[in-house]
């Protein structure tokens, strides 16, 4: 019997045009503004294939995690969708995500864009602690996706919605992870991964 995939899956539908969603997710300055998983993303170099090496940071209360990665986007596909593949790694022993790989998929819909991610990672603290940490990482991703959706649809900057607003139950317009789909499709979380993902190495080198 094949082991069940532990890869994470998150999906949201945004009532915004694909150019807006692409810009807010591909811009290294805009990306950390809505995504809890990053505090900063700094592009380093781009090769002839279009693969972008970058450095990322995640600032914690008493520590800063540093890592490197590489990404490759596709803006024109026969099916009308766009994709972005990514691989990352860090040597930081305090990072709960040591190395990983995943993708974003942008699917045009009648009213906007279906924005999807699937990704997996090597847990930094081992498999047992990750049983508790992985649902938190999934929640962070989903909450961030809904914060992105609000920004794309309304123009309200993501900084308006700090983590404290998670508990502001009297504000129904606040970001909520529950608005996103987190159950993987039949083929698994990585079923929608583009072929370009095979071109990337976790070490941040093409």
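In the working numbering, the protein residues as written are 159 to 364. The C-beta atom is built at its ideal place from N, Cα and C for all residues, glycine as well.
Quick one: give me the first and last residue of the beta strand (DSSP E) that residue i is part of.
i           : result
residue 262 : 255 to 266
residue 240 : 240 to 247
residue 169 : 166 to 172
residue 272 : 271 to 281
residue 357 : Counting along the chain, residue 357 falls outside any beta strand (DSSP E), and DSSP gives it neither H nor E.
residue 202 : 198 to 204
How many Å lie between residue i and residue j at the Cα?
i           : j           : result
residue 210 : residue 286 : 33 Å
residue 225 : residue 213 : 6 Å
residue 195 : residue 323 : 17 Å
residue 219 : residue 237 : 44 Å
residue 336 : residue 172 : 15 Å
residue 205 : residue 230 : 10 Å
residue 343 : residue 198 : 31 Å
residue 264 : residue 244 : 14 Å
residue 271 : residue 307 : 10 Å
residue 268 : residue 176 : 11 Å
residue 321 : residue 327 : 13 Å
residue 160 : residue 289 : Low local confidence applies: a pLDDT of 38 at residue 160 is under 50, so the model's placement there is unreliable, with the coordinate-based value given in what follows. Going from the Cα of residue 160 to the Cα of residue 289 covers about 19 Å.
residue 279 : residue 314 : 32 Å
Quick check on residue i: does DSSP put it in helix, strand or coil?
i           : result
residue 307 : helix
residue 151 : Here the chain covers residues 159 to 364 and nothing more, so residue 151 does not appear.
residue 160 : Residue placement at residue 160 is flagged as unreliable, the pLDDT there being 38, under the threshold of 50; a coordinate-derived value is accordingly withheld.
residue 331 : coil
residue 323 : helix
residue 124 : In the structure as shown, the chain starts at 159 and stops at 364, and residue 124 therefore has no counterpart that could be examined.
residue 340 : coil
residue 287 : helix
residue 207 : coil
residue 222 : strand
How is the alpha helix (DSSP H) around residue i delimited, first residue to last?
i           : result
residue 183 : 176 to 184
residue 213 : No alpha helix (DSSP H) holds residue 213; the beta strand (DSSP E) holding it covers 210 to 218.
residue 191 : 189 to 192
Since residue i and residue j should fall inside the 8 Å C-beta cutoff, what is the C-beta to C-beta distance between them, to a whole number of angstroms?
i           : j           : result
residue 260 : residue 275 : 6 Å
residue 304 : residue 334 : 6 Å
residue 233 : residue 222 : Contact flag wrong, Cβ pair sits at about 32 Å.
residue 358 : residue 228 : 5 Å
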